[in-house]
Each structure stands twice: as structure tokens, then as C-alpha cells.
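Visitor:
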Amino acid sequence: NTVLEVLKTIIPAEAVSGTEQKIQSFAAGAGTVLFYEDQSVIKSLQEQFELYADNFPIWSEHSTAIAQFAVWNVLAEQNIGASLQHYNPIIDEKINTSFNIPAEWKLRAQLVFGSIEGAAGEKAFIDDESRFKTFG
Numbered sequence: 001n002t003v004l005e006v007l008k009t010i011i012p013a014e015a016v017s018g019t020e021q022k023i024q025s026f027a028a029g030a031g032t033v034l035f036y037e038d039q040s041v042i043k044s045l046q047e048q049f050e051l052y053a054d055n056f057p058i059w060s061e062h063s064t065a066i067a068q069f070a071v072w073n074v075l076a077e078q079n080i081g082a083s084l085q086h087y088n089p090i091i092d093e094k095i096n097t098s099f100n101i102p103a104e105w106k107l108r109a110q111l112v113f114g115s116i117e118g119a120a121g122e123k124a125f126i127d128d129e130s131r132f133k134t135f136g
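Under the UniProt record's numbering, the final residue of the sequence shown carries the number 136; numbering is consecutive throughout.
Dropping the structure here:
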């Protein structure tokens with residue numbers, strides 16, 4: 001397991017057990033979708049549209065988030081569970097070498113998918129009144 005191999009080299013030995021259990025649950029999945037952004041495309045757009053150059057990395061993040069959400073929804077519609085992970089950048093070099101990924105591609109997220117083993121844990125969110133404003 002690439003993630004576990006890398007983590008074992010950077011986390012304290014006493015933390016490995018808890019981390020290993022978490023990583024093994026991901027490894028038990030059916031597969032993982034890797035989401036990348038092609039930095040050469042972003043750079044090209046920045047050069048073509050200098051007025052908006054600072055925005056292209058942000059817009060690229062938006063695009064990959066939408067792609068992640070869309071893939072997650074497709075999996076959910078098929079009753080396939082998913083868990084979005086962000087072990088980048090610590091795994092980037094090893095993953096890129098393993099799969100011959102172009103140097104210009106930047107790993108943004110990993111979507112582990114497989115059977116649904118249980119309900120998702122409850123999360124606390126900020127009240128909508130504090131997060132959203134409507135005008136008009």
C-alpha cells in the first residue's frame with residue numbers, strides 16, 4: 001500500500017497502528033479514482049488571459065471539486081460507497097512514478113470506492129443562517 005509505505009517513513013512509530021488500520025480500510029475498497037489538474041493547461045490559460053491569470057488556479061480547484069462531486073454521485077447512485085482522501089502531496093512522487101503520470105499533473109484528491117460498510121458518521125455544520133446570505 002503506497003500511502004502506508006510513505007506514512008511509515010514520516011509519522012512517529014506509536015502512531016502507525018492507528019494510521020495503519022485506517023489505511024487498510026481504504027485498501028479493502030474496490031478501487032481509487034485519482035483526481036489530477038494539468039498545471040500546463042492552467043499556465044497556458046494564465047498566459048492567454050493575463051487579466052484573469054490569478055484566478056485560473058482557483059477555477060481549476062472549482063473544476064476538480066465538481067468532478068469529484070459528480071463521480072461521487074455516480075457511485076452513490078449505484079449504491080457504491082466512497083471516501084474522499086487527500087494524502088497529497090506526501091504520496092505524489094511515489095504515485096506518479098508508479099503510474100507514469102506526467103510531471104505537469106498535480107494530484108488533488110483520491111476517491112476510494114467500494115461496498116458500503118456502514119452509515120457515514122454524523123458531522124456538525126455551522127447553521128445555514130451563519131454560512132449563507134441572501135439578498136433581494
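Glycine included, C-beta positions come from ideal geometry on N, C-alpha and C.
(1) Where Val16 and Gly29 are concerned, what is the direct C-alpha to C-alpha distance, given to the nearest angstrom?
(2) Beta-carbon separation of Leu111 and Ala67 under 7 Å?
(3) Quick one: any contact between the stretch 32-41 and the stretch 104-119, if contact means 3 or more CB pairs under 8 Å?
(4) Please tell me whether Tyr36 has its Cβ less than 7 Å away from any Cβ of chain B.
(5) My assumption, with CB atoms under 8 Å, is that Ile23 sits in contact with Val6. Please give the rounded CB distance.
(6) From the DSSP secondary-structure annotation, give me the bridge partner or partners of Asp128.
(7) Threshold first: 4 residues or longer. Then list the alpha helix (DSSP H) segments lying entirely within the stretch 67-104, N to C.
(8) Kindly indicate which three-state DSSP category Ala65 falls into: helix, strand or coil?
(9) If you draw a straight line from the C-alpha of Asn1 to the C-alpha of Ile80, how long is it?
(10) Which whole-angstrom value is the C-beta distance of Leu75 and Phe26, which I expect to be below 8 Å?
(11) On the CB-based measure, 16 or more other CB atoms within 10 Å of its CB, does Arg108 come out buried or exposed?
(12) Quick check: the Cα distance between Phe49 and Tyr36, rounded to an integer number of angstroms?
(13) Would you report the Cα separation of Asp127 and Gly136, rounded to the nearest angstrom?
(14) Please report the straight-line C-alpha distance between residue 198 and Glu47, rounded to a whole angstrom.
Guide: Taking the definition as stated:
(1) 20 Å
(2) no
(3) yes
(4) You won't find chain B in this structure, because it holds only one protein chain.
(5) At roughly 10 Å, the Cβ-Cβ gap does not stay under 8 Å, so Ile23 and Val6 are not in contact.
(6) Answer by DSSP bridge pairing: none, since Asp128 is not bridged.
(7) Counting whole runs of 4 or more residues, the stretch 67-104 contains the alpha helix (DSSP H) stretches 92-99.
(8) helix
(9) 22 Å
(10) The pair is not a contact, with the Cβ atoms about 15 Å apart (cut-off 8 Å).
(11) buried
(12) 22 Å
(13) 21 Å
(14) This structure gives no information on residue 198, because the portion of the chain shown stretches from 1 to 136.
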